[in-house]
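Novice: Could you have a look at this structure, given as structure tokens, before my questions?
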Amino acid sequence: VPFDVDELLDGQPALRLQAEAQKIEAARSQRGRIQVFPFAAGQDLDFPFTADQFNDWIDGDISQAITLLGRRVRAAGASPSTLARLVLSGGTCNLPQVRRRLEREVGGGCIVTGLNLPDRLCFLPGGLDDISNATAIGAALLASQDAAPVFASDVGVRLAAADPAEDAFFPVFRAGEPATPGSHRPASFFITDAAHGVARLLIAERLDPVTQPAGRLLRVVVVPIDQKETWLNVEFHIDALRSLTVTASGRNVRSAFESIHLHQLNLGYPVPAVDVPAASRGA
Amino acid sequence: MSLLSNLRLVSNLVPDTSQSWFRRLTAVEMRDIRDRCPHLGISFNPDAPLGVTPAQMAEHRQQLFWGVRHVDLEAGGRSSAWLEDIAARRFAVLTEEAEQLDEEQLFEVLCVAVPLA
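So the sequences go chain by chain: A and B.
With the first sequence counted from 1, adding 87 to any position gets you the numbering used here.
With the second sequence counted from 1, adding 32 to any position gets you the numbering used here.
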């Protein structure tokens, strides 16, 4: 403590590797099985599943992704029917369900799963023309034009809401905001229960407020406080390497607490508006 | 609603009934309210105390001699007491609640279970 959510999963390499392998296995043979002995809290994990179950689990996520994609396309002044190409890149796109639904609901016949780069760019054997590299190539091209990275999702703090139906996420950095080194954000939070002498600060990121009202947990930070403390002061700082540094302390009694660093922020580049010819816009 | 977080945002506005429970607060809490609501009429001035009880004044006076204090995570069982408390309160009813918890709430449960294991 504090511990990183990724470290928590990394502490279960067997689970991570099996999940990956069994996902592929389910796509191949229609069933998979995850077994970890022991798993957590002295308990074992033995979890068989079918491809249909797996498809049910990811169906909601795919729907959300398609909704987000539709919004982005419309925000660029286009529509799914005017898309010339929909380039799929990354391991998730290899899931049959993902391809089927994108084909049916968005891309029609314009889905692209391979790169057709000019010869002079294909100088690395097995390299740049691999579709898996499309995102990296795009990022490199943007960086070469001095495009500055921005937050790809809101980054903030998950809070204990008084009303369970209420949004319990406090954004510190907003999606689209430049991740400028030296950026500094102070915040103060009321401590609802100091009986155990700790404030529990949950750093989270949120891609979409509708589908992730409380965000996705990145790190649990436990800050020692006095048992009569009522406020936690927190400082968020973007350093020269664009990592997020978080320091925290009780307001009345100082916390002996070393800063924590989040190195893998979800950053991206602002994409310029798509120039769609007027004739292609349709009605 | 978060299972783990004990942090919230609160309004600076206090309800009409506040006077009745102000007397039950600690001096630290009263100072916080005074700082956020300077027009409420709360003063720890020893010559003219306002809106504070003798016990709150005494606590405030004692804290003036604290000097610089630091609280350590290893002191007083801080690093594990909160985990055990959440586990005792939440895990006892987890089997009934599990169906209603969303993915993120279940992940918070895992964040408690793993360090305790």
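The C-beta atom is built at its ideal place from N, Cα and C for all residues, glycine as well.
These numbers were taken from a predicted model, which means no experiment stands behind them.
(1) Between the segment 281-294 of chain A and the segment 303-319 of chain A, can you find at least three pairs of beta-carbon atoms closer than 8 Å?
(2) Terminal residues of the continuous alpha helix (DSSP H) containing A:F323?
(3) Mind checking which residues open and close the alpha helix (DSSP H) that includes A:G382?
(4) Between the Cα of A:D254 and the Cα atoms of A:A262, A:F260, A:V244, which residue gives the shortest distance?
(5) Here's the rule: buried if 16 or more other CB atoms are within 10 angstroms of the residue's CB, otherwise exposed. What is A:G263?
(6) DSSP has B:H102 in a bridge; who is on the other side?
(7) Does the count of Cβ pairs from the segment 76-91 of chain B and the segment 332-343 of chain A closer than 8 Å reach three?
(8) Which first and last residues belong to the alpha helix (DSSP H) in which B:Q94 is found?
(9) When DSSP labels each residue in this structure, what does A:F256 get in the three-state scheme?
(10) Compare the C-beta of A:V242 against all C-beta atoms of chain B and say whether one is closer than 8 Å.
(11) For the alpha helix (DSSP H) containing A:I30, list its first residue and its last residue.
(12) Relative to the alpha-carbon of B:H71, which residue among B:E91, B:N44, B:A59 has its alpha-carbon at the smallest distance?
(13) Identify whether A:R172 lies in helix, strand or coil by the three-state DSSP scheme.
(14) For B:I74, name the three-state secondary structure that DSSP assigns.
(15) Hey, out of A:V297, A:V193, A:A235, A:V237, whose CA is closest to A:R172's CA?
(16) Using the three-state DSSP reduction, which class does B:S37 fall into: helix, strand or coil?
Specialist: In short:
(1) yes
(2) As a first step, residue 323 of chain A must be located in the first sequence, where it is residue number 236. Where A:F323 is concerned, there is no enclosing alpha helix (DSSP H), although the beta strand (DSSP E) it sits in stretches over 318-325.
(3) Only positions 88 to 370 of chain A appear in the structure, and residue 382 of chain A is not among them; the question remains open.
(4) Position 167 of the first sequence, counted from the first residue, corresponds to residue 254 of chain A. For the residues A:A262, A:F260, A:V244, the minimum Cα distance to A:D254 belongs to A:V244.
(5) Position 176 of the first sequence, counted from the start, is the residue given in the question as residue 263 of chain A. When all chains shown are included, A:G263 counts as exposed.
(6) Residue numbering aside, residue 102 of chain B sits at position 70 when the second sequence is read from its first letter. B:H102 pairs with A:R341.
(7) no
(8) In the second sequence, counting from the first residue as 1, residue 94 of chain B sits at position 62. Counting along the chain, the alpha helix (DSSP H) containing B:Q94 begins and ends at 86-95.
(9) Within the first sequence, numbered from 1, the residue matching residue 256 of chain A stands at position 169. DSSP places A:F256 in strand when its eight states are reduced to three.
(10) The residue given as residue 242 of chain A occupies position 155 in the first sequence. Output row for A:V242: interface = no.
(11) No statement about residue 30 of chain A is possible, as the shown extent of chain A runs from 88 to 370 and does not include it.
(12) Translated into positions along the second sequence, residue 71 of chain B becomes position 39. Of the candidates B:E91, B:N44, B:A59, the one whose C-alpha sits nearest the C-alpha of B:H71 is B:N44.
(13) For the purposes of this step, residue 172 of chain A is identified with residue 85 of the first sequence, where counting begins at 1. Assignment of A:R172 by DSSP, reduced to helix, strand and coil, places it in the coil class.
(14) Taking the second sequence and counting its residues from 1, one reaches residue 74 of chain B at position 42. In the structure shown, B:I74 sits in coil (DSSP, three-state: anything other than H, G, I, E or B).
(15) As a working mapping, residue 172 of chain A is identified with position 85 in the first sequence. Cα-wise, what sits closest to A:R172 is A:V193.
(16) Counting from 1 along the second sequence, the entry for residue 37 of chain B is found at position 5. Taken through DSSP and simplified to helix, strand or coil, B:S37 comes out as coil.
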